[in-house]
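Heads up: the sequence shown runs through residues 461 to 1229, numbered per the numbering used here. Structure record follows, encoded as structure tokens.
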Amino acid sequence: MGRARRSTPPSMGRRSRSRPRGISPSRITSASMSTGRTGLATDRVYIQSNTATDNRTDVTVTYGSETFASNPRSVDMATTHTESFVMLDTTPPTSQANALPAYENTWNFMVSYTASDGSGSGLGNITLYYKWNGGGWIPLATQPAQPFGFFSFTASGDGVYEFATVADDIAGNTEAGPNANDTWTIVDTVRPGSHVNPLPTYENTLSFLVTWAPDAGVTDIASYSIQYNRGSGWITWLTGTTLTSSTFTATTNAVYQFRSKATDNAGNVETVPATNDTWTIVDTFAPFTRTEPLPVWQTSSSFLVQWSSESTDTATFRIQVKDNSGAWTDWVTVPVTTTSGTYTGAQDGHTYQFRSIGTDWAGNVQTPSSGNQSWTIVDLTSPDSAVAALPQYEIVLQFTVSWGPVSGTTDIVSYTLEVSENGGPWTQVSGAVSTTLTSTSYVGVDGHRYAFRTLSRDRAGNAEQAPAGNDTWTIVDVTRPVVVVGSPRGAGTNLTPTIVVTFSEPMNRASAEQAFTITPDMNGAFSWSADSRVMTFVPDRSLQGGTDYFVSIDSSARDVAGNSMPGPYPFQFATGSTSLGGGGGGGAGDWIWLIGVLIAGALVGLFLFLFMRQRSAATSAAGAEKPKEDAVIDDVFLLYNDGLLIKHETRRLKPDVDSDILSGMLTAVQQFVKDSFRSEDAELNEMKFGQMHILLGRGKWLILAAIIGGDGSEAFTKQIQLAIEDMENHHWDQLESWNGDMTIARTFGPYVKKLIRGEYATATYAPKP
């Protein structure tokens, strides 16, 4: 701090003794203040005298508060002369250290001063004093004083330094002090420290706030320069700013580094770090995530859902679900490390859609897709299927097994057919495992019982639960029945015999009874053993005495399985003579005669048949009009395309006409109408004889003739065609290579019976093999 010095400029005064009245005061002239010499002259003029009279004069010199030697003094006034007055120097000089800057950032700096001795004897020496951080005054150096000069100062360390000067003059006067300082400065050689405050790892906008501050303990920062680096070098963003925050605008998505460089009040400049104070990733792009495709079908109410991200900065997944046509709802929100979850509580028959909404580390949120990213349908219902009912017996080793869905099941994609042979374990049928077929040919063993069931699988993968039992069963029986023995035999049979026929196995009673003939003809009643193996015929009246009777069981007799006898079984007996004695028994000639009659009948069969039908119609017309009856199939004749009869079935107890005769007739008819069968897919033709209708149908290998009784035959046209297609589709291989073996008749028996029963009336198609 400077000190005010007061310098009083010198002044000269006069002091004289008292003078007599009438005497004018003398005058002192030519006073020189700079040299201290004064020219003095004193003239005294007395009244009424022109002659000056020299007197003695006492002179006193004053100059402020200064003192002079020989003052006052008596001055000889005889002549004009100069008196020298010597000022006595008792005033100390003044000095001060000139003002320093508030801060010095080096330990070595100059301290300037000014000094003055006024009108004194002149400056002598000057001493510079300093204080360090409020301590006592310490003399630095003493050097000859100049009105303006310098001291070279070296600080002992950083801190507050005060300075003052003390000067003396040649006269030995010394300036008082030092007391207060003339000036001061803060020595600060420490570089300031600052930093850009930490930024979040991510910024999801191009413009964001950046802040900075002094390091801890730093209080003297004057300004900051803020720099950023986008990977291509440091660029100054703000220079010399006093702000401590500002909004930074990035030019593109990238990693941005920031650092600050501070300058303190002393001018010290911070050394910037080699790297950065903080950094952030500018990311304005939303991530992309998705749920992975699901199977079309789910067979459980809980199933796995997976998801993934195509972005490397995804932080979380938010998985949404949509049940049927409902609204999207959040299911789970999970970190990026979790990429799957089990969805539970799904309902049968519902469709579930899924989508993923990702959020990245910057907070960008993926725009939800307009639809789903994956979906699935829940199907918890097992399918149900069944094998179609089989007949109790199969009379061929190879037979067809058919199956399909039960009512209400629509989504079966495969079937597995299983069989249990003679009550054994269930095994899969080769060629019918996980198949889409609905039928197959199965080859059994004679006398074995076969149970069948199907296990299906639907499109969702649900497997049908195996039933406790079977869907259907059948017994394979390909053994033809034979007659073991027939009685009575030989001559001498009484007139009221019982005719007993014993078969090798249980028989179809009706077929055996129809196959039974006795010649001469005789009415009677049949009875059977409990096991259907023994048939007994009891004539209604006594036989003719002395007559040969011929009994025949023709090949149409069938066992309970439907197997026909391999050939007829004839036997004969002769009754004894009657008591009148004129009967006589018939001989072999009678039998030959009867055979001849049958052969003749065969030759005229066609004409006889037509004649009998017409006569019957005429008889009916002659009587009262009968009510209309529903049309039914009375007889079916199945022929190979060469005219050979394969199978004849009738709904009547005994056929009206011999099968061979009717077969010949039908062959003749086929020949007659051959022009209507020029292609394999020919339609049915109808023949009408009186009230009798014969519908004819032809396939590739088979010809089928149906005799229709009743009124209206149109409904059977389609049924006959379906029956032909059914047989040819399922047994084409047997028909194509048929060599005349009549065992094939057993194969087609169920189809012909089905036609007679009217079961093709509801069919809409013929099943394909």
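Don't be surprised by glycine CBs; every beta carbon is placed ideally from N, CA and C.
Minimum Cα-Cα distance from THR900 among the listed residues VAL647, ALA975, THR914 corresponds to THR914.
Per DSSP, ARG778 lies in no alpha helix (DSSP H); the unbroken beta strand (DSSP E) holding it starts and ends at 774-783. In the DSSP secondary-structure assignment, THR798 is not bridged to any residue.
Counting only the Cα atoms, ALA601 lies some 9 Å from PHE613. Where GLN974 is concerned, the enclosing alpha helix (DSSP H) starts and stops at 969-975. Less than 8 Å separates the beta-carbon of SER1015 from that of GLY1027. DSSP places VAL650 in no beta strand (DSSP E); its state is neither H nor E. In the structure shown, the three-state DSSP call for ASN585 is strand. Residue range 984-988 is occupied by the beta strand (DSSP E) that includes GLY984. The shortest C-alpha to C-alpha distance from SER760 to any of GLY831, PRO747, LEU840 is the one to LEU840. Look at ASN832 here: in three-state DSSP terms it is coil, with no helix or strand label.
When ALA972, THR869, ALA1183, GLN974 are compared, the shortest CA-CA separation from LYS1160 is found for ALA1183. Here VAL794 has PHE777 as same chain residues with Cβ atoms under 6 Å from its own Cβ, once five neighbours each way along the sequence are excluded. Residue pairing by DSSP puts THR527 in a beta bridge opposite LEU548.
With a threshold of 16 other beta carbon atoms within 10 Å, PHE745 falls short and is exposed.
Spatial neighbours of SER862 in its own chain (CB-CB distance under 8 Å, excluding positions within 5 residues in sequence) are listed in chain order as VAL847, ALA848, THR898, SER899, PRO1227.
As a beta-bridge residue in DSSP terms, GLN603 pairs with ILE586. Secondary structure note for ASN689: its beta strand (DSSP E) is the uninterrupted segment 681-689.
For ASN568, the secondary structure class from DSSP, reduced to helix, strand or coil, is strand. Where GLU1109 is concerned, the enclosing beta strand (DSSP E) starts and stops at 1105-1110. By the beta-carbon neighbour count (other beta carbons within 10 angstroms, threshold 16), LEU1003 is buried. A contact is defined here as three or more CB-CB pairs under 8 Å, and the region 553-564 meets this definition with respect to the region 641-652. Contact between THR723 and VAL729 holds: their C-beta atoms lie close to 5 Å from each other, under 8 Å. Per DSSP, GLU622 lies in no alpha helix (DSSP H) segment; the continuous beta strand (DSSP E) that holds it begins and ends at 619-629. In chain order, LEU1215, TYR1220, ALA1221 place their CB closer than 7 Å to the CB of GLN1179, counting only its own chain and leaving out the 5 sequence neighbours on each side. Taken in chain order, the complete beta strand (DSSP E) segments of 3 residues or longer contained in the region 880-940 are 899-903, 909-918, 932-936. Going by C-alpha positions, ARG1217 is about 55 Å away from SER834.
Listed in chain order, the alpha helix (DSSP H) elements of length 4 or more contained wholly in the region 1016-1042 amount to none. DSSP places GLN826 outside both helix and strand once states are collapsed to three, so it counts as coil. For PHE610, the secondary structure class from DSSP, reduced to helix, strand or coil, is strand.
With contacts defined by Cβ atoms closer than 8 Å, ALA575 and GLN603 do not form a contacting pair. With respect to ASP937, ASN882 sits apart: the two C-beta atoms are not nearer than 8 Å. Comparing alpha carbon positions, the residue from TRP1192, THR977, ALA710, TRP697 closest to SER667 is ALA710. Between the region 611-628 and the region 685-699 there are fewer than three C-beta pairs closer than 8 Å, too few to call the two in contact.
In this structure, GLY904 sits near GLU854, with a CB-CB distance shorter than 8 Å. In the assembly as shown, SER525 is an exposed residue. Its beta-carbon has fewer than 16 other beta-carbons within 10 Å.
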